[in-house]
Every structure is written in C-alpha cells, then in structure tokens.
Amino acid sequence: MVKYGIKDQKSIEKIAMGLCDTILTDLTQGKRPRLQATKSSLDNAIYSPTLGYLTPGPKKTITELNVASVKKMSRAIFVLDILLKNIKTGAVNTKRELYYICKGLLKQNPELKPLDFEDQPESDGIIDFLCEIIECYREELNCYANDRGGQTYSKCLIVTETLPNGKKAKIDLSKLGTSPFTPKNRPQNLALTASKKIEFCLVVESEGTANTLVSNGMTERYDCIVVGAQGVPSNSVRAWVKRIQEQVDVPIYFFGDLDAYTLQNIFRTLKAGSAASIIRNADFSAPEVRFLGVLPEDVKKYDLFSYDVKSNDPSEMRSLKKAQDALENDPFFKSQRNRPLAKILEWLIENKKRCEQQAFFSVDANDPLALEKILIKKIREGSYI
Amino acid sequence: MTKNKANEKIVANSTAEYFAKNLQQVGFSSPIKAVLTTVKEAMDNALDACEEHGILPNIRVDIKKLGLGSLKNTDRISIKVLDNGPGIEEKYVPMVFGQYLASSKFGQGRPSRGQQGIGISAATTWALQTSAIGAKVTTKRENERKALRCVVVTDLKKNEGILKDKEKINWENPHGTEVEFIIDGKIQMNGEGGLLTYLRGTILLNPHMTLTYHLTEMEPVTVERVIDEVPEIPKATPPHPHTMKLGEFLSYARLFSSHKNAEWLCKGFSRVSPNIAATLFKNSGLPKTLLDKKVNTLTSDQLKKLFQTIQDSEFQAPSTKSVMSLGEKALSLSVMRLGKVDYFSVVTRKPAICDFKPVQVEVAIARLFEKKSDGEDSSVQILRFANRVPLQFDKASCAIVKSISSVNWKSYSIKQTKGNLPSGPYIIAVSVVSPFLKFKNASKETIDATDELVTEIRKALMKAGQSLSRHIKKEAKTQELENKIKHIEKFGPVLVNTLCRILGASEAKKKKAEEGIEKILGRDNLKTRQQLDEVEERLNVHLASRKDQFDSFIKEDEELQARQEALLRAEEEILGTRYNDDETSSKKEFSRKKKSSKKNKSRL
Ligand SMILES: Nc1ncnc2c1ncn2[C@@H]1O[C@H](COP(=O)(O)OP(=O)(O)OP(=O)(O)O)[C@@H](O)[C@H]1O
Ligand SMILES: [Mg+2]
C-alpha cells in the first residue's frame, strides 16, 4: 500500500514535466500516450482499521490518446502550463479565477480557440483530471478553493503560521473574544501549541450551534476547542482537524445530526476521508474523531423530538436508501472496527427516524446551557462511539 | 347528354347571375385568392386540353402589376397564360370563356382537372367586375393559318359569351391558346395561398410539362419536363352503387330521367349487369315491366325502395381502372424540380378501394437544402392534390393533413410533437386520385377525411417515411464521422504545440511529434474514413436492391394492369356494352350541363 504524503512543490513540478515529456516522447515515436490515474471511487476504496482512513485500491483509469480523448488531453496540457507557471512564481488562484485566466489566454491566441471552455465546470473538470494523473492535491497546484467552515474557538490554543516569505505569524486564539479563527487553504502550514492541557475538541456539524455554545461561554468555562464544520467538511476543515489530532494531545468529538447523510458524508469524511479524495485521505482525515451524537440512545434517553422518515417523500426515502447503500458498499461501515457506527445506520433503517442536533434544546427549554451540560456529560460519561 | 330545352333559358339566366353574385364560392373570395384562382383555372384548362390531345404541354405564365386596383388594397394585375394545346374553334370561344357550365369534361368519373365548366368563366366575370375588361383570347388550331384574337365578355342575363374586337392575326405558335385577364387582386408568393406554392405543386404533379413563369419583377424561370409521355387519363367509370347517399341517388335518377331504368342501372353504375338490375327490381318489389320504362316514371317511394335494396345487396368491388398515377419513376424525376432537393422518397400505392370508390395515393417527401439551417423548427411544407389539382386553402380538416399528423414521424428521424404536423425543411406532397372524390365543402379545398381514406394515405406516408429515414440516418452517421475527422485535425496540433512550449522542445522534436500524432490520429482517421466508405457501400447496395425492387414493382404493376384488362374484357362480354365507349364522352363535343333546375340547386 502506498502512503501518499504531501509532495513538495518542486516534486510536483518534476512529475508534471515528466508527464509532458513522456507524452511528447510517445508522440515522436508514434506511440499512443497513456495517462494513468488512480480510480477515485468507493469501489476502489480500501479501509484499513490500522491506518484509519480510506486508501486507494488497485484500480486505475487510463486515458489513451485517441479521437475521443484528444480534446481533453489538449485542454489538460494547456491548463497544466498555466498551473506550472503559477507554481514557479508562487501565484495562487481559485478555480473560478483559473477559468477566467484560461478564457483570457484562449482569447489571445486564435490557434487555441478549439480548447475554449463553455463554463467553469468544464475547466474545473480539467483541474481535477490533472490532480488525478499527477496524484496531487489541487492546493499543491496552487489552486485553492474558497473553503468554508473550520471556525475555531478556544482559550488555550496558539497557532503559528509560516508565511510564504518564511516569516512566522503567531495567533493566540484566547485573544479573539467570541470571533473564530479560520484556517485557510493550507492548514499544513500551521503549527499548533496548547497553552495548557486541553480537555477535548468538539467539532459541531452546524457552525451556528458551535457559535451558540461559544457565545454562551463554553470555551470560557472549559479548556476546550470548538470547531464549526459547516456541513460536509471542506479540505481545509479536514486538514485542520487532522492537524489538531496530530499536534495537540486531545480527544476529538464530532457532534451532528442523527441521519445517514451526517454519518456518511460528514462524519465518515472527517474521520476517514472520502472516495473522491482517495489518494490524499492521509492528510485529509482525522481517524481519532469520535461520534458524540446524536446517538440513537440519546433519542430515547432525552426523549428528543425526532422525525419519521416520510415514505411519500422521495428525498427522505433516498436517505434511507443511502444508509442501506453505505452498509453494503462503504468499506468504512463494512469494517468490523466500525460495527457500532454501522449499527446506527441499521437503527435508522429499522426505525425510519431522523433526529437533528438542535433537538437537545428541547430537553430543558428554560436553560440556555442545557446543550452544553448534556455534551459535557456525554463526554465525561463516555457516551460516544 | 340530352338537353332539356324547356328549362334551359331560365336556368341559364339565373346560372350566370348566380355565379356573378357568388364568385366567392368558386375561388374569388379575396384579392389573393382571385389571383391564384385565375392562374389555376387557366393552367388547369391548358393542361387538360393538352392531355386530351396527347400534346406535351409547354405553358407560359406571365403575371405583371399594372398599377393600383380599383378595390381597396389591391393592385391591377395582368395574368397571362399561354399553352401549346389544340386551340379552340371560334364558335366555342365565347362558350369557353364567357358561359357558365359549358364544358367538354362533364363525362364524370374521369380524373381531369376541370369538371364543371365554371372555372374560366368565373375568371372572366371577376375581370369584368374589377377592371371592366373581358378575357383577351388568342387561339389557333393546327390547320388554321391565322389565329383568332378577341375579347370575351359575358352577358350575365343570358349566360352567354360575346366576342368583341375580333381580328385574325399572324401568330408565331403553330397551335395553342393564350388568355389574359386584367383583374384587381393581390399577389402572394409563398405560404398557403401562394402562387409559388401552387406552381411548385403543379410542377411536381406534371412531370411531362415544361413551364415558364415570369412573376412580376422576378427573373423568368423555366422548368423543363422530365418525362416525354403524356399521362394516360383513364376512361370514366360510372360510380359504384354503394357510393351514393339517398339524396345523391335521387338526383342521379333525375339526371337519367329520360333513360330506361335498366339502362340507367347498367350504364349509370358500375358492377350492375342486366341480370343484377332485374334482381334489384325484384328484391325491391318493383314489377319487372318497369325495367323498360323511363326513369322518370318511378315514384319517389319506388326510388327509395330501390335505394334500400341496393344498400342491402352485395356487388363486386368497384374496378380500379378509373384511377391513375404518375408512378414512382416519374415522381422521382419531378421531385428534383422542387428546388435544391437534398434527398427524397416517393411512393405510389397500388389502386385501392376506399368507401367503395377507387382511389390511388401517391406520396413524395423531399428534403430541401436551402432551408436546412432555419427550417428545423417550422412546420414542413405540405402540398396536397386532389385529382392532380393543388389544394391550397382550409387544410386543417383535410384527409391529407389528418393522415400526415397521425403518422409518428419521430420514428423516421423527423421532428414532430405528437399529433401535430412534423417540422423541418421538408416538403410532403400527397396526391389522391379518385373519380368520385368527396370534398368537405363547396370550395373543394378539403378532402373528406373518411377512416378508410386516411388509413390508405397513412400507409403511403409511412412507406415513404421509412425509406427517407434511411437517408437521414446515413446522413447523421456521415456527419458524425466527419466531425470526428475535424476534431482530430483541430486538437492534434494544439496538443503538440503546448507540450513543446512547456518543455522548451526543439523544432526538430516538435516536427517529429507532429508527424507522430498525425500517424496516431491518422490511424483513427483512416478507420473513420473506412467506416465512412463502408456506410457508403452499404447504402449503394441498398439502393441497388431498391432498383431491383423498383423494377419488380413496375413488372408487378404491368401484370396487374394486364389482369385487370382481361377482367374488363370478360366483363364487357357479359354486359354487352361498355359504358366508357359511349360516343358522347370520348368525342369532343360541347354540351350544356344537364339542367334540371333542381339539380342545379343541389349543386349550388
Ligand atoms: N386552353 C384551352 N385549350 C383548349 N380548350 C380549352 C381551353 N380552356 C378551356 N377549354 C375548353 O373549355 C371548356 C370550359 O372550360 P372551363 O374551365 O370553363 O370548364 P372545365 O375546365 O370543364 O371545368 P371547371 O369549371 O372545373 O374548370 C373546357 O372543358 C375545355 O374543353
Ligand atoms: Mg377549367
């Protein structure tokens, strides 16, 4: 099994140039160039309990130069040219910016007209394709998404950022009041230290709820870190939580809704990565994250408001199907190690219910600290998976 | 046909006046229609006259704007139609152009264009009404040295044509007729009532015609004939006993009032022998002796009984000899004259019986080059023909339009929203020939959509659609392959150039790579070309097999013809006489339409 580590940009450049050279040499020899990439899909994902994240299987996708692929390949090389220049000069761009850069260049050169992109998804697709064949992260090609989420609150955390010019910037999160610190783009450049022993890190699915907890003084009362995930965790959130796991000695808990979507798309992605990013899950997953809830037992114990999945609502039925699907095809849930999580999915299918994280606010409606109290209780009692 | 002297005058008077007041009923209901109808009547007559005399028609149509018309929103227009027909004997000229219901084509049951002796006289009346100028006629017969030139006007009171400004002139044409009308009207070229639409239709259905048309400021256009045979117009067949409704049956009896009953039944209907006539009488409870009495001796009760018996009796199916077709070969040649035709398919159905009437349907579908880009979404152009006459108005409930909409064109790769007319740059032409064609209304623009007829037309359309779709699919395939080639040629060089720029490769290496990619994609290219050739090859094989089919079709047709002739001869022997050989219908003779006043009322 290959362990994919972050490549430094010099090596990216080397790989890319090597790739171009192979193609050109093949062409001069009248051979059809073949571009190989790891197949990024669940059916090519392996879950190893020891590593704790999804890694690629042996399946490859091969793009051979022919009538059907000549356009895609021409476009890929064209975009690669731009990205390599960016790497050389240290310039960064978002996907949308790159889309316009492409348009601009294509406009200048009539010979390139056939490559023109109709809309951004077309150029995005080419960027993803390049990442696949070079086996790197988009960020390593200096292409950043405006990643959302990751708002972090703590009175005990200090972040040291290495700037491109080599200088260091120090951010003491205790000085930020109720404003969050947000890791951007490359959390890999951030070093974390704790000013005192931190009891736990809580990743909350809803950034709004995370903010409520902080505003009500949770980070003041406890030596903890609170992170808002804002739905499906972006690359930066994933790398950030991984960073916390590695550099701060602290147990991490995830708190979100009780449904198949949260379990698979949000929690599993955070803990073990995703199929789409299969070659880079090592850097984009935090295998030690625990699922704090909402647990099926909480629904019963706290008599939480829950929704019946309406059998006449196609989108809700789809979520049941999703749970079934995850049980059958997701190596993460199929693994014996994660049997307790799989059991939650089974519970969802059996009970046809779903329950939102905010449902805890109904437990003691008069106490603004009710949720905080319950979460602390759960953490201290070990009520998590 | 014998004339009924007593009634003649009264009826004749009211006839001309009636038409003069009701010109809208015979095609003069709007300025646009007036132009179209005038051209149509004159051309129909020219074509009919040539056909009957075995002459290959050369026709010239000249339409000029002379100025403003006297009616609001009209132009004063000159319409001139010249033919190389037999010419018209001087004594008949006033009848032809000035008198209503004067026709040589009353022989009913023949698919000639003119039928009633109204058409050209109505044009004269319209001209007189709007410009006060009669029909300017020049005509010459083969053996005459000089041509007659004159103006014909109508005495509406007497229903009589009058010759004016008569002169004998030298005329360059050996024989033929030219008529000019000066009328108020409005010229419309395209669309439903368009002149060009009419001409296009007439061209399609007359492959033996050479037509020159000079329309207003446009350059004159000549469309040459594509076959050198005058179509044979089948002889008349009397109607099948089952085709008539009671009212029609009673009128029909009146038409034969002075004939003996046996004669009426045997000659007035097909498939009725003297024996059958006797049986019909017997089964109606009519005394046998009445068979030799005149038709007008039957009481209306007796006629009704007879009618009922006929309904209840079985007859041999009607003969299909009285229909005609152009044939797929002639139609194919003619289709190419419709414009820039990309490809087409034609279908000639065998004669069939619909609603006890012999019918023959022909279909031509052509795809035009010119409209390819902008025509994808507009409805196809439809050309409808009844007995070879283009129909141009009131198409909605016409049997032809109903049939076209009922076909699922999508399965032939032609666009269509279900139940509507298909769309795209196509012309769909449908010709229905039947001696007893039924129309929905008096203006004869809409063929009655009976189930049997619609089904028959549908069959023809589907067959034509099928063979057309082969072309369309082949074309799509060719297009796809060509796109592939273009694709390769577009991206190959870009790929190499960019790679070389990134790597800073030498010119030599670049050149080599270019050669390499050409080789690689050229292989694809070659494969593509090979595929293209294969498709071409398959199509050729297909076309060749079609040719065999085509030949065998002709042969089949000839065999059918021979069988039918044999049948007819046998029939003749049994019946003794043959209606068709009736002297009056084959000889050129003018007769006034049978004018029992009631008959006229029912006609009008
Ligand atoms: N150009 C012509 N050459 C020779 N004969 C003609 C010509 N035009 C008309 N005729 C003769 O004049 C007759 C009368 O023509 P007209 O158009 O009035 O009646 P029709 O054609 O018989 O019937 P319809 O009213 O249906 O047109 C025709 O039957 C034909 O014999
Ligand atoms: Mg006529």
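Sequences listed follow chains A and B, in order.
Add 1276 to the 1-based position in the first sequence for our numbering, that's all there is to it.
Add 311 to the 1-based position in the second sequence for our numbering, that's all there is to it.
We treat Cβ as the ideally placed atom computed from N, Cα and C, and that holds for glycine.
Since the model is a prediction, treat every value here as computed from it, not as a measurement.
Here the alpha carbon of B/Thr-761 sits roughly 47 Å from the alpha carbon of B/Asp-844.
According to DSSP, residue pairing for A/Tyr-1429 in a beta bridge involves A/Val-1502. Annotation: B/Ile-715 is outside any beta strand (DSSP E); the continuous alpha helix (DSSP H) that includes it extends over 710-717. In the three-state scheme derived from DSSP, where H, G and I count as helix and E and B as strand, A/Ile-1661 is classed as coil. Against chain A, the CB of B/Leu-792 has no partner CB under 7 Å away; the residue lies outside that interface. When distances are taken from the beta-carbon of B/Glu-363 to the heavy atoms of ligand 2, even the shortest one reaches 6 Å or more.
Residues of chain B with a Cβ closer than 7 Å to the Cβ of A/Cys-1296 are, in chain order, Leu-810, Ile-813, Leu-814. A distance below 8 Å between beta-carbons, with the five flanking residues on each side excluded, links B/Ser-381 to the following residues of its chain, in chain order: Arg-387, Thr-441, Ser-442, Asp-495. From the listed residues A/Thr-1488, A/Lys-1597, A/Leu-1478, A/Pro-1509, the smallest Cα separation to A/Arg-1566 is found for A/Leu-1478. Sixteen is the threshold: when 16 or more other Cβ atoms of the shown chains lie within 10 Å of the Cβ of B/Lys-351, as they do, the residue is buried.
Assignment of beta strand (DSSP E) within the stretch 1496-1541 of chain A, counting only whole runs of 3 or more residues, yields 1500-1504, 1528-1531 in chain order. A/Phe-1636 and A/Gly-1504 have their C-alpha atoms spaced approximately 17 Å apart. Close to A/Thr-1304, with beta-carbon spacing below 7 Å, are these residues of chain B in chain order: Lys-820, Lys-823, Ala-824, Gly-827.
Considering only beta carbons, the part of the stretch 796-808 of chain B lying closer than 9 Å to chain A consists of Ile-796, His-798, Ile-799, Lys-801, Phe-802, Gly-803, Pro-804, Val-805, Leu-806, Val-807, Asn-808, in chain order. Per DSSP, B/Thr-348 is one residue of the alpha helix (DSSP H) stretching across 342-363. 7 Å or more divides the Cβ of B/Pro-669 from the Cβ of B/Ser-714. Rounded to whole angstroms, the Cβ separation of A/Gln-1633 and A/Ser-1482 is 6 Å, and the two are in contact under 8 Å. The beta carbons of B/Thr-631 and B/Pro-662 sit about 3 Å from each other, so the pair counts as a contact at 8 Å. Of the residues A/Ile-1377, A/Arg-1514, A/Val-1570, the one whose Cα lies closest to the Cα of A/Asp-1395 is A/Ile-1377. Within 6 Å of the C-beta of B/Asn-356 there is at least one heavy atom belonging to ligand 1. In the structure shown, B/His-798 adopts helical secondary structure according to DSSP, grouped into three states. Using beta-carbon distances, A/Val-1343 counts as an interface residue toward chain B, with a partner under 7 Å. Distances from the CB of B/Ser-432 to the heavy atoms of ligand 1 include at least one below 6 Å.
Just so you know, the alpha carbons of A/Val-1480 and A/Ile-1288 end up roughly 35 Å apart.
If one requires a minimum length of 4 residues, the alpha helix (DSSP H) runs lying completely within the stretch 1344-1421 of chain A are 1346-1365, 1371-1384, 1396-1410, in chain order. A direct Cα-Cα distance of roughly 15 Å separates B/Asn-719 from B/Ser-690.
Counting C-beta atoms within 10 angstroms of its own C-beta, A/Ile-1338 has fewer than 16 neighbours from the protein chains shown and is therefore classed as exposed. Listed along chain A, the residues sitting closer than 9 Å to B/Leu-832 by beta-carbon distance are Leu-1341, Asn-1342, Val-1343, Val-1346.
The beta carbons of A/Gly-1549 and A/Phe-1560 sit about 5 Å from each other, so the pair counts as a contact at 8 Å.
Among the bridge pairs identified by DSSP, B/Val-700 is matched with B/Ala-697.
Here B/Ser-389 is bridged, per DSSP, to B/Lys-375, B/Ile-493. In this structure, B/Phe-618 lies near B/Leu-557, with their beta-carbon atoms less than 7 Å apart. Within 7 Å of the CB of A/Leu-1388, the CB atoms of chain B belong to Val-805, in sequence order along the chain.
Among the residues of chain B, those whose CB is under 8 Å from the CB of A/Asp-1357 are Thr-809, Arg-812, Ile-813, following chain order.
Residues of chain B with a Cβ closer than 9 Å to the Cβ of A/Arg-1310 do not exist, since the nearest Cβ in that chain sits about 12 Å away. For A/Leu-1382, there are no neighbours in chain B by C-beta distance under 8 Å, as the nearest C-beta there is about 10 Å away.
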